[in-house]
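To start, the structure itself, in structure tokens.
In the numbering used here, the protein residues as written are 36 to 407.
Given below as structure tokens:
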């Protein structure tokens, strides 16, 4: 049965990937012409930066909607109206104005309202869930508020990764892909189809981005991806609580979520600890750890690859330590991630320093061999 469903899901994911690769360049060309015509009418020079920012968002949204419309039946689309309406409400937070404080406050209120709308739409199952991180006895309203805050926090976690090339895309693909596979294996085909379609669309965006480097999804776009990922996380926690006797039930489901989101969580923790220890202020750079990797001579693609690998390793550790208690396992995951990240950084520094101490005459033959 699961194999038949997989044969149904995989073509949908491939279709989402292909549609994304087609629509993003087309939408960029169309938006660029529209913007140029508007600016020429106003007597101003054209600026294609808006087209670069809008094209990926338009491509991903249209690819997901078209693919899910074609491959999902009425039974599968029960949650989509709430998600789509709340997502567009969430995007309104990018168009607020005012002073810095008021702008952030307005943005948070809009995003929190969008999360509340989403949670009310899927609230039929919230009362069955013993709450996040093992907190028992939550009321209905408290559960909605807690999950809504959780959604807003996750959406901002991916916003923090934007400035590092491809890191946010790879992290989102890993997290959404793992959740999609779990939904499929557990029998939740509707949400599995939706998850893998989104993951395939992000892969399509990444391919387009490799060909057009100026094209970026932008902070608001990655906030939206984080919002959808948070929705999938909540669906996973709710679904996992309903299949306690199933083979796919995960004992510490919240710790699997922690392993999926370990990159933004650890980045934030290490950055804040470093700032507290050194008495610095939060600068314009995204994370102190990333800046240290760059100073060690690594480029952003290498840094992203390292963190994706660490993310996968931590997910594996989470699966293999599910027999431990909730908080012991969470501590192991956090310490393991910090150890890997800092250990790799120290290893890069050691290798760089060791290479400097090697006499040049011992490496001259290597350079000659490379030239030949």
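No residue lacks a Cβ here, since even glycine has one placed at the ideal position from N, Cα and C.
For residue 207, the enclosing alpha helix (DSSP H) covers residues 202 to 221. Taking C-alpha positions only, residue 206 is separated from residue 265 by approximately 13 Å. According to the DSSP assignment, residue 274 belongs to the alpha helix (DSSP H) that extends over 253 to 277. Apart from the 5 residues on each side of it in sequence, residue 186 sits with its Cβ closer than 6 Å to the Cβ of 150, 265 in its chain, given in chain order.
With a 10 Å radius around the Cβ and a threshold of 16 neighbouring Cβ atoms, residue 116 comes out exposed. Residue 92 is positioned such that its CB atom lies closer than 8 Å to that of residue 252.
Residue 254 and residue 241 have their C-alpha atoms roughly 16 Å apart. Between residue 203 and residue 218, the C-beta spacing is not below 8 Å.
Here the alpha carbon of residue 299 sits roughly 12 Å from the alpha carbon of residue 339. In the three-state reduction of the DSSP assignment, residue 373 falls in the helix class, which pools H, G and I. The residues 138, 141, 142, in chain order, have a CB closer than 6 Å to that of residue 131 in the same chain once the five nearest residues on each side in sequence are set aside.
In this chain, the alpha helix (DSSP H) harbouring residue 154 covers 135 to 156.
The straight-line gap separating the alpha-carbon atoms of residue 216 and residue 234 is approximately 11 Å.
In this model, residue 123 and residue 155 are separated by some 16 Å (Cα to Cα). Around the CB of residue 334, fewer than 16 other CB atoms lie within 10 Å, so the residue is classed as exposed. Contact check for residue 349 against residue 372 passes: the beta carbons are separated by less than 8 Å. Residue burial annotation: residue 72 is exposed, with fewer than 16 other C-beta atoms found within 10 angstroms of its C-beta. For residue 286, no alpha helix (DSSP H) segment is defined, and its DSSP state is neither H nor E. Here residue 334 carries a coil assignment [DSSP, helix/strand/coil]. Only residues of its own chain outside the window of five on either side were considered, and among them 223 have a CB closer than 6 Å to the CB of residue 274, listed in chain order. When DSSP states are grouped into helix, strand and coil, residue 247 belongs to the coil group. Residue 288 is classed as buried because its beta carbon has at least 16 other beta carbons within 10 Å across all chains shown. Contact check for residue 221 and residue 291: beta-carbon distance about 12 Å, past the 8 Å limit, so the pair fails to qualify. Between the alpha carbons of residue 262 and residue 381 lies a gap of roughly 34 Å. Nearest to residue 44 by C-alpha distance, out of 209, 225, 214, 65, is 225.
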